[in-house]
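What follows is one structure encoded as structure tokens, with my remarks underneath.
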Amino acid sequence: MKKVRALIDTNVVVKAAIDISKGSMSPERKVIELVIKNEIKPVITITLLEEYCRIAKELVDKDFAGWLRNLIVTGM
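For the sequence shown, the positions run 123 to 198 when the working numbering is used.
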């Protein structure tokens, strides 16, 4: 099965993180769950990576990798 590649907007990541922390379901959360399951391969640009890092620091006061690990562990 060929993996889908997608450009995932920062707003989708932020909304998904909020929904995962609240235990809510949303289309954004489903997208991130598919990324975590490796069914969607995200296209990451330098600009998006910088936005993800900036938002992660604002939301949880951690580095991006720590925030993403926290998202995966607490959400799944």
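Glycine is no exception: its CB is placed at the ideal position from the N, C-alpha and C atoms.
Distance CB(Val153)-CB(Ala178) smaller than 9 Å: no
Euclidean distance between Cα positions of Ile168 and Gly145: 30 Å
Same chain, Cβ closer than 8 Å to Val134, five either side skipped, listed in chain order: Glu150, Val153, Ile154
Classification of Ile142 by the beta-carbon crowding that lies within 10 angstroms, buried from 16 upward: buried
CA-to-CA distance, Ile162 to Met198, given in whole angstroms: Reliability of the predicted coordinates at Met198 is poor, the pLDDT of 45 falling under 50, and the value obtained from them is presented with this limitation in mind. Whole-angstrom Cα-Cα distance: 16 Å.
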